[in-house]
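Just below is one structure, and these are the notes that go with it.
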Amino acid sequence: MSSSLAPECNEVKERYDACFLKWYSEKYLRGKGTTDECAALFKDYKHCLTNALKERGIDKMLEEAREDHKENDAANLRRKCK
């Protein structure tokens, strides 16, 4: 898998990726897994990445971009739901 956007999160991302790929291929695709057994690892990775984005000031840019495109997103979602 690819590296994390934040190098300090690479280790936790690698653990999550390995867990997810194993769960997905060995359980989910075979109809044996109904819950994501890797949710805790994903939560750890998300926490690490969120902190890294905040430290770099990227979180504010993302919020602004999402706000600027909220109307377009809503219009596109309406089209897909029809």
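Counting from 413, one number per residue, gives the positions in the sequence shown under the working numbering.
Think of the CB as a built atom: it goes at the ideal place given N, C-alpha and C, for glycine as much as any other residue.
Sub-7 Å separation of Leu453 and Cys421 beta-carbons: no
Coil, strand or helix - Lys439 by DSSP: coil
Residues near Thr462 by beta carbon distance below 8 Å, same chain, minus five either side: These residues qualify, in order along the chain: Asp471.
Cα-Cα separation between Lys466 and Ser416, rounded to whole angstroms: 15 Å
Ala418 (DSSP reduced to helix, strand or coil): In the structure shown, Ala418 sits in coil (DSSP, three-state: anything other than H, G, I, E or B).
Per-residue DSSP class, three states only, for Cys460: helix
Extent of the continuous alpha helix (DSSP H) to which Glu476 belongs: 470–480
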